[in-house]
Amino acid sequence: MSSFSKPDFYCPFTTWMNPHHDQSWDLSRQWLKQTGLIKGRQATERLDRSGFSQLTAQAYPNATQQQLTIAINWLIWLFLFDDQLDECYLGHDKQQAAVIIDRLYQFTHIDTCQSLEPSSPIEVAFVDLCQEYTRTLNVQQHQSFMQNIRNYLASMRWEVSTRADGTLPHFINFIELRRDTGAVRMVLDLIEYCLGSPIPNEIANSLEMQVLKDCTIDVICMSNDLFSFEKEQARGDTNNLVTVWQHCTHSDLQEAADTIYRFVLNRQQLFIDTQSRLESLLHTLKLDEQTCTSIRDYVQGMGHWMRANLEFSLRTPRYFDIEESQKGKPLSWLENISSMQSEVFTAP
Numbered sequence: 009m010s011s012f013s014k015p016d017f018y019c020p021f022t023t024w025m026n027p028h029h030d031q032s033w034d035l036s037r038q039w040l041k042q043t044g045l046i047k048g049r050q051a052t053e054r055l056d057r058s059g060f061s062q063l064t065a066q067a068y069p070n071a072t073q074q075q076l077t078i079a080i081n082w083l084i085w086l087f088l089f090d091d092q093l094d095e096c097y098l099g100h101d102k103q104q105a106a107v108i109i110d111r112l113y114q115f116t117h118i119d120t121c122q123s124l125e126p127s128s129p130i131e132v133a134f135v136d137l138c139q140e141y142t143r144t145l146n147v148q149q150h151q152s153f154m155q156n157i158r159n160y161l162a163s164m165r166w167e168v169s170t171r172a173d174g175t176l177p178h179f180i181n182f183i184e185l186r187r188d189t190g191a192v193r194m195v196l197d198l199i200e201y202c203l204g205s206p207i208p209n210e211i212a213n214s215l216e217m218q219v220l221k222d223c224t225i226d227v228i229c230m231s232n233d234l235f236s237f238e239k240e241q242a243r244g245d246t247n248n249l250v251t252v253w254q255h256c257t258h259s260d261l262q263e264a265a266d267t268i269y270r271f272v273l274n275r276q277q278l279f280i281d282t283q284s285r286l287e288s289l290l291h292t293l294k295l296d297e298q299t300c301t302s303i304r305d306y307v308q309g310m311g312h313w314m315r316a317n318l319e320f321s322l323r324t325p326r327y328f329d330i331e332e333s334q335k336g337k338p339l340s341w342l343e344n345i346s347s348m349q350s351e352v353f354t355a356p
């Protein structure tokens, strides 16, 4: 198995642990059991080792206990759903994966979700989260969040297709798609939710804010692909920025990894530079001080996320525990929470 020397990761942003972590994590564990997302001992132990709750508590350090609990539930749902399509044969079967993705897609539309009953733990939890999360949002926030979910689901369908077909996209196209497969747009929406104050349209739709979001997403996704490369290679998954860059440029593996890390550093610097341009825009628009404070807190929240993601990636066993499983054999820790045939939850 090929490998490369990882860089000494640098991040100029800071964060801290939310003081409500322990209480929120206890409530989240109860919810995970109630919805059926976690059942057996091995899956529970793997979840406990993962550090997902600590990641969330560092990503949203100022959230209330209720907000943090919902954020933890969302992130764990995303990780577990991702595992259903990434870790086993299901992620190589376009038809079977489409069944799961299409049903979740229907739950994002009011006209169809009212007549559709959730039939698996992944659906039960998804519906519960959507209802609990969106009840405090205004119409625009609700629509934006649901569209981000749809884009994420569409990108997961694309990822399964490329994996099944054995194809590799061009790097530029892959970066744009990676921004959706990483689900980071959704977790950035959670920053606004935790602030309890919507970002004004003239700021939300500005070039400066779009650049800040794209930089945050790229830093998180590019860093993750550096950390997860060996695990993904071990299971034959080529949906990785290092792999795609190496393929497109015909470079060696170390050169490809070094290039992706330079992109991470460049995006961090662009984020810092764009913060200054956003301040100029706030001055030009003459927004009231309370609104400006909320906007600055949102931008700071993106910095929290970049730092939290790096610290999570450095300590979690998720990217380093590579279970050697024979093709077609069950994976010891992966539970069927999508109510599909058991044979698709085997090693690819």
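With the sequence shown counted from 1, adding 8 to any position gets you the numbering used here. No residue lacks a Cβ here, since even glycine has one placed at the ideal position from N, Cα and C. These numbers were taken from a predicted model, which means no experiment stands behind them.
### Task
Output the distance between the C-alpha atoms of ASP188 and ASN159, rounded to the nearest integer angstrom.
Position 180 of the sequence shown, counted from the start, is the residue given in the question as residue 188. Position 151 of the sequence shown, counted from the start, is the residue given in the question as residue 159. Taking the straight line from one Cα to the other gives about 6 Å.
### Message
Would GLN75 and GLN31 qualify as a contact pair, given that the criterion is a beta-carbon distance under 8 Å?
### Response
For the purposes of this step, residue 75 is identified with residue 67 of the sequence shown, where counting begins at 1. For the purposes of this step, residue 31 is identified with residue 23 of the sequence shown, where counting begins at 1. Cβ distance not < 8 Å, so GLN75 and GLN31 don't count as in contact.
### Message
According to DSSP, is LEU342 part of a helix, a strand, or is it coil?
### Response
Taking the first residue of the sequence shown as position 1, residue 342 is located at position 334. LEU342: coil per DSSP, three-state reduction.
### Task
Could you work out which residue in LEU234, PHE279 and THR144 is closest to ASP197 when comparing CA atoms only?
Within the sequence shown, residue 197 is the residue found at index 189, counting from 1. Residue THR144 is the option with its Cα nearest to ASP197.
### Task
Please work out which residues of its chain come closer than 8 Å, Cβ to Cβ, to TRP253, disregarding the five sequence neighbours upstream and downstream, and give them in chain order.
Residue numbering aside, residue 253 sits at position 245 when the sequence shown is read from its first letter. Around TRP253: PHE179, SER259, ALA264, THR267 and ILE268.
### CYS229, enclosing alpha helix (DSSP H) - first and last residue
The residue you call residue 229 lines up with position 221 of the sequence shown. That run of the alpha helix (DSSP H) goes 215 to 242.
### Query
Any idea if THR257 is buried or exposed, counting beta-carbon neighbours within 10 angstroms, 16 or more meaning buried?
For the purposes of this step, residue 257 is taken as the residue at position 249 of the sequence shown. Only exposed fits THR257, as fewer than 16 other CB atoms lie within 10 angstroms of its CB.
### Query
Should SER231 be labelled buried (16 or more other beta-carbon atoms within 10 Å of its own) or exposed?
Numbered from its first residue, the sequence shown carries residue 231 at position 223. Note on SER231: 16 or more other CB atoms within 10 angstroms of its CB, so buried under the neighbour-count rule.
### Query
Which residues in the same chain have their Cβ closer than 7 Å to the Cβ of ILE46, if we skip the five residues on either side of it in sequence?
What you label residue 46 is simply residue 38 of the sequence shown in a count that begins at 1. If the five residues before and after ILE46 are omitted, its C-beta is found closer than 7 Å to the C-beta atoms of LEU40, THR52 and LEU55, all from its own chain and listed in chain order.
### Message
I'd like to know if ALA162 contacts chain B, where contact means its C-beta is closer than 8 Å to some C-beta of that chain.
### Response
Chain labels in this structure do not include chain B; a single protein chain is all it has.
#### Entry: Under the three-state DSSP convention, the category PHE87 falls into
Within the sequence shown, the letter at position 79 stands for residue 87. In the three-state scheme derived from DSSP, where H, G and I count as helix and E and B as strand, PHE87 is classed as helix.
### Task
Specify, as a first and last residue, the run of the alpha helix (DSSP H) that GLY309 falls within.
Taking the first residue of the sequence shown as 1, we reach residue 309 at position 301. For GLY309, the enclosing alpha helix (DSSP H) starts and ends at 297 to 323.
### Task
Run the CB neighbour count on TYR201, radius 10 Å, all protein chains shown included, and call it buried at 16 or more, exposed below.
As a first step, residue 201 is located in the sequence shown; it is residue number 193 there, counting from the start. Result: buried.
### Query
What are the start and end residues of the alpha helix (DSSP H) that includes ALA191?
Position 183 of the sequence shown, counted from the first residue, corresponds to residue 191. If you look at ALA191, you'll find it isn't in any alpha helix (DSSP H); DSSP assigns it neither H nor E.
### Message
If you reduce the DSSP assignment to three classes, tell me which class THR72 lands in.
### Response
Position 64 of the sequence shown, counted from the start, is the residue given in the question as residue 72. Reduced to three states, the DSSP call for THR72 is coil.
### Task
With distances taken Cα to Cα, identify the nearest neighbour of GLN38 among ALA133, HIS255 and GLU167.
Along the sequence shown, read from residue 1 onward, the residue named residue 38 stands at position 30. Distance from the Cα of GLN38 is smallest, within the candidate group ALA133, HIS255 and GLU167, for ALA133.
### Query
In its own chain, which residues sit with a C-beta less than 7 Å from the C-beta of LEU88, not counting the 5 before and 5 after it?
Mapped onto the sequence shown, residue 88 falls at position 80. So the qualifying residues of the chain are LEU45 and ILE345.
### Query
Count the other CB atoms within 10 Å of the CB of PRO129; is the residue buried (16 or more) or exposed (fewer)?
As a first step, residue 129 must be located in the sequence shown, where it is residue number 121. Classification of PRO129: buried, given that the 10 Å Cβ count is 16 or more.
### Query
Which class does HIS117 belong to by DSSP, given the choice of helix, strand or coil?
In the sequence shown, the residue the question calls residue 117 occupies position 109. HIS117 carries a coil assignment under DSSP once its states are collapsed to helix, strand and coil.
### Task
Output the boundary residues of the alpha helix (DSSP H) element that contains GLU263.
Counted from its first residue, the sequence shown places residue 263 at position 255. In this chain, the alpha helix (DSSP H) harbouring GLU263 covers 261 to 293.
### Task
Please list the segments of the alpha helix (DSSP H) lying wholly inside the stretch 99 to 183, counting only runs of 4 or more residues, in order along the chain.
Contiguous alpha helix (DSSP H) elements confined to the stretch 99 to 183 occur at 102 to 115, 118 to 121, 129 to 142 and 147 to 173, taking only those with 4 or more residues.
### Three or more C-beta pairs below 8 Å linking the stretch 16 to 26 and the stretch 311 to 319
Yes, since at least three Cβ pairs between the stretch 16 to 26 and the stretch 311 to 319 fall closer than 8 Å, the two stretches touch.
### Query
Would the beta-carbon of HIS358 fall within 8 Å of that of SER61?
Because the chain here runs from 9 to 356, residue 358 falls outside it and cannot be looked at.
### Message
Using the Cβ count rule (16 or more neighbours within 10 Å means buried), how would you classify LEU83?
### Response
Residue numbering aside, residue 83 sits at position 75 when the sequence shown is read from its first letter. It is buried - the Cβ of LEU83 has at least 16 other Cβ atoms within 10 Å.
### Message
Which of the three DSSP states is assigned to SER205 in this structure?
### Response
In the sequence shown, the residue the question calls residue 205 occupies position 197. If DSSP states are grouped into helix, strand and coil, SER205 belongs with coil.
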